[in-house]
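Notes follow the structure.
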Amino acid sequence: MSIDAIREAIRAGVDGDDLAAIPLGETYRAAHTLRSEQEMFADVPSVDKDPRRSLHVGEVPMPELAPDEVVVAMMASAINYNTVWTSVFEPLSTFLFLDRFAREGQWERRHSQDHHVVGSDGAGIIVRTGSAVRGWKVGDRVVMAPVVTHDQDPAANDDQMLAANQKAWGFETNFGGLADLSVVRASQLLPKPTHLTWEEAAVNMLCAGTSYRMLVGRHAAQMRQGDVVLIWGATGGIGGYAVQLVLEGGGIPVAVVSSAEREAVLHELGCEHVINRSAEGYRFWKDPDTQDESEWRRLGKQIRSMAGADPDIVFEHPGRETFGASVFVAKRGGSIVTCAATTGYDLEYDNRHLWMKLKRIIGSHGANMQENHDVNALIDRGTIQPLLTETYSLDDVGEAALVVKQNRAEGKVAVLCLAEREGLGVEDPEKRARIGEDRITAWSRLFAQARAGELT
Ligand code: NAP
110 MSIDAIREAI
120 RAGVDGDDLA
130 AIPLGETYRA
140 AHTLRSEQEM
150 FADVPSVDKD
160 PRRSLHVGEV
170 PMPELAPDEV
180 VVAMMASAIN
190 YNTVWTSVFE
200 PLSTFLFLDR
210 FAREGQWERR
220 HSQDHHVVGS
230 DGAGIIVRTG
240 SAVRGWKVGD
250 RVVMAPVVTH
260 DQDPAANDDQ
270 MLAANQKAWG
280 FETNFGGLAD
290 LSVVRASQLL
300 PKPTHLTWEE
310 AAVNMLCAGT
320 SYRMLVGRHA
330 AQMRQGDVVL
340 IWGATGGIGG
350 YAVQLVLEGG
360 GIPVAVVSSA
370 EREAVLHELG
380 CEHVINRSAE
390 GYRFWKDPDT
400 QDESEWRRLG
410 KQIRSMAGAD
420 PDIVFEHPGR
430 ETFGASVFVA
440 KRGGSIVTCA
450 ATTGYDLEYD
460 NRHLWMKLKR
470 IIGSHGANMQ
480 ENHDVNALID
490 RGTIQPLLTE
500 TYSLDDVGEA
510 ALVVKQNRAE
520 GKVAVLCLAE
530 REGLGVEDPE
540 KRARIGEDRI
550 TAWSRLFAQA
560 RAGELT
């Protein structure tokens, strides 16, 4: 099997020429959904839709490589919420995205298949380069950013995310990262941080890039030192990177979570102001149609009593459940920056609080490659740590997606693909020691301690 030969070559540390000589084979192992099953949950309530039923792990055909692409031997990948959406065919079947993408050109046509290989994050080793690839070679260790753009669209040269046809790899495109091999544009590649294991390196780019653009990059909220930032879901994927970016950038995070364990971990990580929304019993909706303004006021008061000021920035993504409160609590002239609507995209807020207090709602999505590069550099320096807390095997990808869907996961969940076990892939152990094992593994260590009741 060619994949065994690739795994063996990587284990033996062979160089690029030898890796390039190993045949890739006609199929490869990948986590995928099936077009024939896209209606399987049609009559199932959202809460009961189970990714273990829809995510299959098996052989899929190897696509032809486009000139601007590389094939990466995937050592590890990660679960993002978009894989949850794909696996439950909500809000739309992603086969619609693949079919739409396929209409764009010759190479895009390959993406419309009867299977969808999912996964928008990963770390691995390049095993093939297309004829037009510059700057990358077989044998390079890389992480992948999810942004797939058409660089011939003029808008992409200002900000990739403004290109009309930008897509998320492994969500709106095929050949994603939860697989032994993946096919990505060379323009998605960044160097793997040399001090991290494969699974630590695999979990960062999608969420860290998104949070970086929302808070730090020049296209969204542009946090300044001293800003108070309200962060919903502060131990989730994007929230966990947001907390770190705010702390490292001289801001004051006010973190919201739903359990005492999450609260305790955030205190340990240096986050002074943490609201446990479950313990506080916040209910922003009296019934499905009516919000409770007194709850908005109660939240605003609590934030002010903790941080001494209203939030300059609200880091918003839960959507319908929280958006009215988010608009209300932002300070006069402040920003609500949003990239999602997990609890519903039909948002309601009182516009008087927005216009009379000169607030701004900013939409943000993913990150362009400069922003991805900049946040990857922070990870590579050991300023920002991976949020890894759990690692699954590719065969258990359905279970991993279910844990994220049910909000049982903390930080980020990794999936091992070609890596045989956790802990492999560190190229620079001295740098790892310098940054500190305790700092790098803080998220998994602290959550393990919290679960064991060792944090109060
Ligand atoms: P995640 O790891 O599952 O974290 C989400 C967090 O949201 C949870 O930890 C939870 O924290 C909080 N939450 C859930 N229900 C809530 C509610 N009713 N009220 C308040 N908080 C609630 O997911 P993620 O990776 O951070 O992603 C979050 C959302 O952003 C998803 O919809 C994802 O698809 C989207 N996203 C968008 C982009 C983009 O580029 N547009 C990129 C990444 C992610 P507590 O229960 O502890 O409060």
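Going by the numbering used here, the sequence shown opens with residue 110, and the numbers climb by one from there. Glycine included, every Cβ here is placed at the ideal spot set by N, Cα and C. If you're wondering where the values come from, they're calculated on a predicted model, not measured in any experiment.
Check: How big is the Cα-Cα spacing for R243 and M323?
Finding: By one-based count along the sequence shown, residue 243 stands at place 134. By one-based count along the sequence shown, residue 323 stands at place 214. R243 and M323 have their C-alpha atoms roughly 30 Å apart.
Check: Helix, strand or coil: how does DSSP classify K440 here?
Finding: Taking the first residue of the sequence shown as 1, we reach residue 440 at position 331. DSSP places K440 in coil when its eight states are reduced to three.
Next item on the list: Check the DSSP bridge columns for R294 and list the partner residues they point to.
Entry: By 1-based counting over the sequence shown, the position of residue 294 is 185. When beta bridges are read from the DSSP output, R294 appears opposite E178.
Notebook entry, point to check: Any idea if E309 is buried or exposed, counting beta-carbon neighbours within 10 angstroms, 16 or more meaning buried?
Noted result: Sequence index remark: in the sequence shown, residue 309 carries index 200 (1-based). Classification for E309: buried.
Item checked: Contact test: I412 Cβ vs the ligand NAP heavy atom, cutoff 7 Å -> Start at 1 with the first residue of the sequence shown, and residue 412 comes out as number 303. No heavy atom of the ligand NAP is found nearer than 7 Å to the CB of I412.
Notebook entry, point to check: When the distance is taken between beta carbons, is A129 closer than 8 Å to R237?
Noted result: If you number the sequence shown from 1, residue 237 lands on position 128. If you number the sequence shown from 1, residue 129 lands on position 20. Yes, they are a contact pair.
Next item on the list: Could you work out which residue in S444, V338, V363, A272 is closest to M478 when comparing CA atoms only?
Entry: Position 369 of the sequence shown, counted from the first residue, corresponds to residue 478. For M478, the closest C-alpha among the options S444, V338, V363, A272 is that of A272.
Check: CB of W394 to nearest heavy atom of the ligand NAP: below 7 Å?
Finding: Along the sequence shown, one-based indexing puts residue 394 at 285. Not so, every heavy atom of the ligand NAP lies at least 7 Å from the Cβ.
Item checked: Residues bridged to S473 (per DSSP) -> Here residue 473 refers to the residue found at position 364 when the sequence shown is read from its first residue. DSSP, once it has assigned bridges, lists no residue as partnering S473.
Check: Does DSSP classify S414 as helix, strand or coil?
Finding: Locating residue 414 in the sequence shown gives position 305, counting from the first residue. Secondary structure at S414: helix, using DSSP grouped into helix, strand and coil.
Next item on the list: Determine contact between the segment 377 to 385 and the segment 432 to 443, defined as no fewer than three beta-carbon pairs at a distance below 8 Å.
Entry: As far as the Cβ criterion goes, the segment 377 to 385 does not touch the segment 432 to 443, which means the pair count is below three.
Margin query: Nearer than 7 Å: is that true of the beta carbon of L375 relative to any heavy atom of the ligand NAP?
Written below: For the purposes of this step, residue 375 is taken as the residue at position 266 of the sequence shown. No, the beta carbon of L375 sits no closer than 7 Å to any heavy atom of the ligand NAP.
Notebook entry, point to check: alpha helix (DSSP H) containing G507: first to last residue?
Noted result: Residue numbering aside, residue 507 sits at position 398 when the sequence shown is read from its first letter. First-last of the alpha helix (DSSP H) with G507: 506 to 514.
Next item on the list: Give the DSSP-derived three-state secondary structure of P397 in the structure shown.
Entry: Stepping through the sequence shown from its first residue, residue 397 is reached at position 288. Coil at P397, not helix or strand.
Notebook entry, point to check: Does the ligand NAP have even one heavy atom less than 7 Å from the beta-carbon of L315?
Noted result: Your numbering for residue 315 matches position 206 in the sequence shown. Result yes, Cβ under 7 Å from the ligand NAP.
Checklist line | Euclidean distance between Cα positions of L174 and G239 | finding: As a position in the sequence shown, residue 174 is number 65, starting the count at 1. As a position in the sequence shown, residue 239 is number 130, starting the count at 1. In this structure, the straight-line span from the alpha carbon of L174 to that of G239 is close to 6 Å.
Notebook entry, point to check: Should R120 be counted as a contact of the ligand NAP given a C-beta to heavy atom distance under 7 Å?
Noted result: By 1-based counting over the sequence shown, the position of residue 120 is 11. Every heavy atom of the ligand NAP is 7 Å or more from the Cβ of R120, so no.
Checklist line | Sheet register partners of H141 (DSSP bridge) | finding: Walking along the sequence shown from the start, residue 141 turns up at place 32. The bridge partners DSSP lists for H141 are H165, V226.
Check: Unbroken alpha helix (DSSP H) runs of length 4 or more, entirely within the segment 337 to 381: which are they?
Finding: Inside the segment 337 to 381, DSSP marks whole alpha helix (DSSP H) runs of 4 or more residues at positions 346 to 357, 369 to 377, from first to last along the chain.
Notebook entry, point to check: Can you check whether the CB of T142 is closer than 8 Å to the CB of H220?
Noted result: Within the sequence shown, the letter at position 111 stands for residue 220. Within the sequence shown, the letter at position 33 stands for residue 142. Result no, Cβ atoms of H220 and T142 do not sit closer than 8 Å.
Checklist line | beta strand (DSSP E) segment containing T203, residue limits | finding: Within the sequence shown, residue 203 is the residue found at index 94, counting from 1. Premise fails: T203 lies in the alpha helix (DSSP H), 203 to 211, not in any beta strand (DSSP E).
Notebook entry, point to check: Cα separation between N274 and T447?
Noted result: Counting from one through the sequence shown, the residue named residue 274 turns up at place 165. Counting from one through the sequence shown, the residue named residue 447 turns up at place 338. In a straight line, the C-alpha of N274 is about 20 Å away from that of T447.
Check: Just to check, is the beta-carbon of Y190 closer than 7 Å to a non-hydrogen atom of the ligand NAP?
Finding: Working through the sequence shown from its first residue, we reach residue 190 at position 81. Yes, the beta carbon of Y190 sits closer than 7 Å to at least one heavy atom of the ligand NAP.
Margin query: Let me check you understand the geometry: is the CB of E430 closer than 7 Å to at least one non-hydrogen atom of the ligand NAP?
Written below: Counting from one through the sequence shown, the residue named residue 430 turns up at place 321. True, at least one ligand heavy atom lies under 7 Å from that Cβ.
Next item on the list: Would you mind sorting R294 into buried or exposed? The rule is 16 or more other CB atoms within 10 Å of its CB.
Entry: The residue labelled residue 294 in the question sits at position 185 within the sequence shown. So R294 counts as buried.
Next item on the list: Tell me, please, which residues DSSP counts as bridged to V123.
Entry: Here residue 123 corresponds to residue number 14 of the sequence shown, with the count starting at 1. Per DSSP, V123 has no beta-bridge partner at all.
Next item on the list: Quickly, what does DSSP pair G534 with across the bridge? List them, please.
Entry: Stepping through the sequence shown from its first residue, residue 534 is reached at position 425. Paired residues: none, contrary to the question.
Next item on the list: For the beta strand (DSSP E) containing V522, list its first residue and its last residue.
Entry: By 1-based counting over the sequence shown, the position of residue 522 is 413. Taken as a continuous stretch (DSSP letters only), the beta strand (DSSP E) holding V522 covers 521 to 525.
Notebook entry, point to check: Regarding A518 and the ligand MG, is the C-beta to nearest heavy atom distance less than 7 Å?
Noted result: Although the ligand MG was asked about, the structure shown includes only the ligand NAP as ligands.
Check: Do G348 and the ligand NAP come close, with the Cβ less than 7 Å from some heavy atom?
Finding: Position 239 of the sequence shown, counted from the start, is the residue given in the question as residue 348. For the ligand NAP, at least one heavy atom lies less than 7 Å from the Cβ of G348.
Notebook entry, point to check: Hey, is W341 close to the ligand NAP, as in C-beta under 7 Å from one of its heavy atoms?
Noted result: As a first step, residue 341 must be located in the sequence shown, where it is residue number 232. Residue side-chain check: W341 places its Cβ nearer than 7 Å to a non-hydrogen atom of the ligand NAP.
Notebook entry, point to check: If you measure from the CB of P427, is any heavy atom of the ligand NAP nearer than 7 Å?
Noted result: Counted from its first residue, the sequence shown places residue 427 at position 318. Within the cutoff, so yes.
Item checked: G489 burial status per 10 Å Cβ neighbour count (16 or more: buried) -> In the sequence shown, counting from the first residue as 1, residue 489 sits at position 380. Sequence inspection shows Asp at residue 489; the Gly mentioned does not correspond to that position. Of the residues assessed, D489 falls on the buried side of the cut-off, its CB having 16 or more other CB atoms within 10 angstroms.
Notebook entry, point to check: So, T344 versus E519, is the Cβ gap smaller than 8 Å?
Noted result: Looking up residue 344 in the sequence shown gives position 235. Looking up residue 519 in the sequence shown gives position 410. Cβ atoms of T344 and E519: closer than 8 Å.
Note to self: Between G345 and the ligand NAP, is there a pair consisting of the residue's CB and a ligand heavy atom that are separated by less than 7 Å?
What the structure shows: Here the question's residue 345 lines up with position 236 in the sequence shown. Under cutoff, so the answer is yes.
Checklist line | heavy atom of the ligand NAP below 7 Å from S367 C-beta | finding: In the sequence shown, the residue the question calls residue 367 occupies position 258. At least one heavy atom of the ligand NAP falls within 7 Å of the beta-carbon of S367.
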